[in-house]
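Below: one structure, written as structure tokens.
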Amino acid sequence: DTEVTQTPKHLVMGMTNKKSLKCEQHMGHRAMYWYKQKAKKPPELMFVYSYEKLSINESVPSRFSPECPNSSLLNLHLHALQPEDSALYLCASRSGQSSYNEQFFGPGTRLTVL
Amino acid sequence: AQSVTQPDIHITVSEGASLELRCNYSYGATPYLFWYVQSPGQGLQLLLKYFSGDTLVQGIKGFEAEFKRSQSSFNLRKPSVHWSDAAEYFCAHNDYKLSFGAGTTVTVRA
């Protein structure tokens, strides 16, 4: 199984809502990532988890809260978002710490904040 | 700062014609370079990667890339494009994180 799955595919939420994005992989990868991608732009790294511990936070606002409950799951909790947070949110995983190991990406969650 | 640049924002190519996408990198040591493709509304798929060894790298979907240290380039090529190759292409360097180029949009005309 070389797949990263993300749910939901689409999400529309108001600025006062609380929602969560979910990412799952069963490849045994111990590094997992959240990216934000605006239209016609490359993905921007948000968070990195390594062995279920947060290792990198790229100065992301606190209205985004990541969680890694186990080695297969990665969540992104959303609260009090702004319209400019509307984007495609991509999850990825990587098999090892070597820079040669590629990241496997999920299909993304298309988020719209009203 | 380490970076990759993609000079071409948009390329239009006829179906069956050859395609070359440019990527330039700026590093001192040997870079870990990747090409990813993203179809509309989809995640990123790895086409190929380079770390060391043979400078001509074969990837999936009929793509290849050549690493040229003298030119600081890692250009992606395909001899004959198909309509399904229309997508966004990203060159990236991998260190503790993936650093992407701005991307090149490829349009394929019939």
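The listed protein sequences derive, respectively, from chains A and B. Under our numbering, think of the first position of the first sequence as 1, with each following residue one higher. Under our numbering, think of the first position of the second sequence as 1, with each following residue one higher. Where is the CB? At the ideal position from N, CA and C, for every residue including glycine.
Excluding residues up to 5 positions away in sequence, V12 and S86 lie with their Cβ nearer than 6 angstroms to the Cβ of A/T112 in the same chain. For B/S70, the secondary structure class from DSSP, reduced to helix, strand or coil, is helix. Classified as exposed, B/D54 has fewer than 16 neighbouring CB atoms from the shown chains inside 10 Å of its CB.
Residues of chain B with a Cβ closer than 9 angstroms to the Cβ of A/V60 do not exist, since the nearest Cβ in that chain sits about 13 angstroms away.
Runs of the beta strand (DSSP E) lying entirely within the stretch 40–74 of chain A and spanning at least 3 residues, in chain order: 44–50, 53–57 and 64–70. For A/L111, no Cβ of chain B is located within less than 8 angstroms of the residue's own Cβ. DSSP places B/S39 outside both helix and strand once states are collapsed to three, so it counts as coil. For A/E102, the closest Cβ of chain B is nearer than 8 angstroms.
For A/G106, at least one C-beta of chain B is nearer than 8 angstroms to its own C-beta. Within the DSSP secondary-structure output, A/M32 pairs in a beta bridge with A/Y49 and A/S93. In its chain, beyond the 5 residues on either side, T109 have a beta carbon closer than 7 angstroms to the beta carbon of A/P8.
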